[in-house]
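Asker: Can you keep this structure in mind? I'll have questions shortly.
Protein chains: 2
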Amino acid sequence: MPQRAVIREVGPRDGLQILQRVVPTATKLAWIRGAYDAGQREIEVGSFVPARLMPQLADTAEVLAFAKTLPGLTASVLVPNLKGAERAIAEEADLLLVPLSASHAHSLANLRKTPDEVVAELGRIRAARDAAGSRTRIEVGMSTALGCTIQGEVKSSEVVRLVQAALDAGVESISVADTVGYADPAMVARLFEQVLKVAGDRFHTAHFHDTRGLGLANCMAALQMGIRKLDACLGGLGGCPHAPGASGNVATEDLAYMLASMGVETGLDFDKLIALRGQLAGWLEGETLHGSLWRAGLPRTMRPQPEEVSA
Amino acid sequence: MPQRAVIREVGPRDGLQILQRVVPTATKLAWIRGAYDAGQREIEVGSFVPARLMPQLADTAEVLAFAKTLPGLTASVLVPNLKGAERAIAEEADLLLVPLSASHAHSLANLRKTPDEVVAELGRIRAARDAAGSRTRIEVGMSTALGCTIQGEVKSSEVVRLVQAALDAGVESISVADTVGYADPAMVARLFEQVLKVAGDRFHTAHFHDTRGLGLANCMAALQMGIRKLDACLGGLGGCPHAPGASGNVATEDLAYMLASMGVETGLDFDKLIALRGQLAGWLEGETLHGSLWRAGLPRTMRPQPEEVSA
């Protein structure tokens, strides 16, 4: 196990985008402030997509501007194309993340582009970033890398080919996502080994959903392969909009607990995280939150014990 | 990963004993029949404890008698002491399982005996079994082996000492239980390595609770250490009676899914398991069941696809 790992909070983007409701900007700022106060230093704050497609994230520029006032916070945004990337660059996001579906079918359904057309767009995004003299870093999120609800199996050779193509197009880091919750720990180990061979330490982030309960087991497999950054959503938000009640992303608080229990430092404060989860439950009244730690609490072995009362 | 692993269903004992209600014998038989039909070949069917202490399991002799009519089924019972063991032997259980708390405080609270007094009882149980010419095998379940809600930390040296003592007393197999859901995968790896050193292949079963969401990650760690049998409860039953809604044991169906996805054979039929879970939810109306697979269903990659319709 590593000495230290980073949990990137993706709730304000991945968690909120699937909700029917539009969460007020002030609530998003309160969430980001709370996550920051609990020790989170990487947060995906939104997405630059057309507001008519995703009204939930229409205020991303404003949310990003707030996030940038928090010292030492890496604020990332998701962008589907050059147009979104240009906004991310203009608004000075620390990182822009472009999803690249390894599933041809998912890529067409989600972005109306083939994976190779997305790779071509990556080249244009890199050129735009360089031309702007911007410091915004470019990450590819290899989505449906471990299976696809439309296509079914996704070949690891295709994932590896696209990772290489993305790197060739000028992408600076790679994250790999089990977008639909099909992964198991053995699959993770096999795929990650292959991706590491081509990407080396530019591949450092994994993104797991807990759709079938394997989220934390998959995180363990990723850590064992040397991955040091894991995406998660407070309260396990981020399920599929077509599967009401289904688990979403790995829950930030449960992942933080697993890491802390193993002595892996994350810099996170549990009391603050759990309190923030309580606030989130209030902000999102009626939505289903997930995770286990909030109910069970920390083990006695991880809580400071009161002084023994002397006789 | 191993080619094959066994999931021992402990729901009829560990799952039902914490419920306020007493489940009718006929329901237990239907559950056991259903589990058998779904491919389960090891089931913990009850416990020989005084009926006034645990009325939920007062019909264990009858349930065991039924289980023994199912060809090839290994029916185990939990017994707290010699008296219970004598009943298990008389009723010809295939296996009797004696809990031995590694936590001194838990042992006193649970059995009113120190761990070493339980070890002494194990010697008497072995003698009784041998004197009866019985084929009932004797297993120790090392409980609170990874932490205790009363005592807090449990030293692995104490677990190892007690495992050795139990083996010396004539016990034939060892299971190790995270009774209170304090374990993490790194802890499991460390402890199991030590227990394997003294017990070798007599240590082959692990028992995890999912109290804080780490159940399946801990199962993975156990498998990686060479453990080939895992306890689980259908629907994740078996939580602590003092923590309403808290997750209980690892859910049989989720563990079966993780194993199947990795190509580890369990002999279980998912459609039947999920249907049985549905029945269980009806039998236990009002109780909280857990697990993820029942809601999400198998991935497309694990379901037979309909033939392509020709144009």
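Order-wise, the sequence lines are chains F and A.
According to the working numbering, the stretch in the first sequence is residues 19 to 329, in order.
According to the working numbering, the stretch in the second sequence is residues 19 to 329, in order.
Backbone N, C-alpha and C define an ideal beta-carbon position, used for all residues, glycine too.
Pull up the DSSP beta-bridge partners for F:ALA224, would you.
Answerer: Looking at the DSSP assignment, F:ALA224 forms a beta bridge with F:VAL194 and F:LEU248.
Asker: Across which residues does DSSP place A:ASN236 in a beta bridge pair?
Answerer: The partner list for A:ASN236 (beta bridge, DSSP) is empty, contrary to what the question assumes.
Asker: Which same chain residues, not among the five before or five after F:GLY285, have their C-beta less than 6 Å away from its C-beta?
Answerer: Taken in chain order, the residues that qualify are GLY57.
Asker: Can you look up F:PRO117 in the DSSP assignment and give me helix, strand or coil?
Answerer: Residue state, collapsed to three classes: strand.
Asker: Alpha carbon to alpha carbon, how far is F:ARG230 from A:LEU88?
Answerer: The straight-line gap from Cα to Cα measures roughly 31 Å.
Asker: Does F:ARG70 pass the burial test, meaning 16 or more other C-beta atoms within 10 Å, or should it be called exposed?
Answerer: Under this definition F:ARG70 is an exposed residue.
Asker: Could you tell me whether the Cβ atoms of A:VAL194 and A:THR167 are closer together than 8 Å?
Answerer: No, Cβ-Cβ distance for A:VAL194 and A:THR167 is not below 8 Å.
Asker: Mind listing the chain F neighbours of A:THR167? Cutoff is C-beta to C-beta under 7 Å, in chain order.
Answerer: Per Cβ cutoff of 7 Å: ARG318.
Asker: Alpha carbon to alpha carbon, what distance is there between F:ALA207 and F:LEU252?
Answerer: Cα to Cα, F:LEU252 sits roughly 25 Å from F:ALA207.
Asker: Checking contacts by CB at 8 Å: is F:MET160 closer than that to chain A?
Answerer: Output row for F:MET160: interface = no.
Asker: Threshold first: 4 residues or longer. Then list the alpha helix (DSSP H) segments lying entirely within the segment 53–102 of chain F, N to C.
Answerer: If we require 4 residues or more, the alpha helix (DSSP H) runs fully inside the segment 53–102 of chain F come out as 78–85.
Asker: Output, in chain order, the set of chain A residues within a Cβ distance shorter than 7 Å of F:ASP202.
Answerer: Correct list: MET276, SER279 and MET280.
Asker: Cα separation between F:ARG125 and F:SER174?
Answerer: The amino acid at residue 125 of chain F is misidentified as Arg; the sequence shows Ser. Roughly 16 Å separates the two Cα atoms.
Asker: With three or more beta-carbon pairs closer than 8 Å as the criterion, would you say the segment 111–127 of chain F touches the segment 155–171 of chain F?
Answerer: The answer is yes - the segment 155–171 of chain F touches the segment 111–127 of chain F, with three or more Cβ pairs under 8 Å.
Asker: Give me the Cα-Cα distance between F:ALA83 and F:LEU91, rounded to the nearest whole angstrom.
Answerer: Using only the alpha carbons, I get a separation of about 12 Å.
Asker: If contact means a Cβ-Cβ distance below 8 Å, which residues of the segment 230–255 of chain A contact chain F?
Answerer: Within the segment 230–255 of chain A, the qualifying residues are ARG230, GLY231, LEU232, LEU234, ALA235, CYS237, MET238 and ALA239.
Asker: In the DSSP assignment, find the alpha helix (DSSP H) that holds A:GLU303 and state where it starts and stops.
Answerer: No alpha helix (DSSP H) contains A:GLU303, which DSSP labels as neither H nor E.
Asker: Reducing DSSP to helix, strand and coil, say where A:SER265 ends up.
Answerer: Of the three classes helix, strand and coil, the one that applies to A:SER265 here is coil, per DSSP.
Asker: Who are the near neighbours of A:ALA93 in its chain, counting only those whose CB is closer than 7 Å to its CB and skipping five residues on each side?
Answerer: Counting only Cβ-Cβ distances below 7 Å, and skipping sequence neighbours, we find ILE61, VAL63, LEU82, ALA85, LYS86, ALA111 and ASP112.
Asker: Can you give the Cα-Cα distance for F:VAL216 and F:TRP301, rounded to whole angstroms?
Answerer: Approximately 43 Å, taken between the alpha carbons.
Asker: What is the DSSP secondary structure of F:GLY285, counted as helix, strand or coil?
Answerer: Three-state DSSP puts F:GLY285 in coil, outside helix and strand.
Asker: Go to F:MET205, then tell me how far its alpha helix (DSSP H) extends in each direction, as first and last residue.
Answerer: Its alpha helix (DSSP H) spans residues 203–217.
Asker: Any idea if A:GLN21 is buried or exposed, counting beta-carbon neighbours within 10 angstroms, 16 or more meaning buried?
Answerer: Looking at its Cβ environment, which holds fewer than 16 other Cβ atoms inside 10 Å, A:GLN21 is exposed.
Asker: Give me the Cα-Cα distance between A:ARG130 and A:VAL136, rounded to the nearest whole angstrom.
Answerer: Each residue's alpha carbon lies about 10 Å from the other.
Asker: Where does A:ILE292 fall in DSSP's three states?
Answerer: Here A:ILE292 sits in helix by DSSP.
Asker: Among F:ASP228, F:HIS227, F:ASN236 and F:HIS222, which has the Cα closest to the Cα of F:GLY244?
Answerer: Checking every option, the nearest Cα to that of F:GLY244 belongs to F:HIS222.
Asker: In this structure, does DSSP put F:GLY33 in helix, strand or coil?
Answerer: Note: F:GLY33 maps to helix in three-state DSSP.
Asker: Below 8 Å between beta carbons: does that hold for F:ARG147 and F:ILE107?
Answerer: In contact: F:ARG147 and F:ILE107 (Cβ atoms closer than 8 Å).
Asker: Does DSSP classify A:VAL189 as helix, strand or coil?
Answerer: Coil.
Asker: Can you confirm whether the segment 42–55 of chain A touches the segment 25–34 of chain A when touching is taken to mean that 3 or more C-beta pairs between the two stretches lie within less than 8 Å?
Answerer: Yes: at least three Cβ pairs fall under 8 Å.
Asker: Along chain A, which residues have their Cβ under 8 Å away from the Cβ of F:LEU311?
Answerer: Residues of chain A passing the Cβ test: ARG230 and GLY231.
Asker: Considering just the uninterrupted stretch of the beta strand (DSSP E) at F:GLY159, what are its terminal residues?
Answerer: 155–161 is the extent of the beta strand (DSSP E) around F:GLY159.
Asker: Any beta carbon from chain A within less than 8 Å of F:ASP272's own beta carbon?
Answerer: Chain A contact via Cβ: present.
Asker: Would A:MET19 count as contacting chain F if we go by Cβ distances under 8 Å?
Answerer: Yes, because at least one Cβ of chain F sits closer than 8 Å to the Cβ of A:MET19.
Asker: Given that a residue counts as buried once 16 or more other Cβ atoms are within 10 Å of its Cβ, and exposed if not, what is F:PRO42?
Answerer: Under this definition F:PRO42 is an exposed residue.
Asker: Starting from F:ARG26, trace the beta strand (DSSP E) both ways and give me its first and last residue.
Answerer: Residues 24–27.
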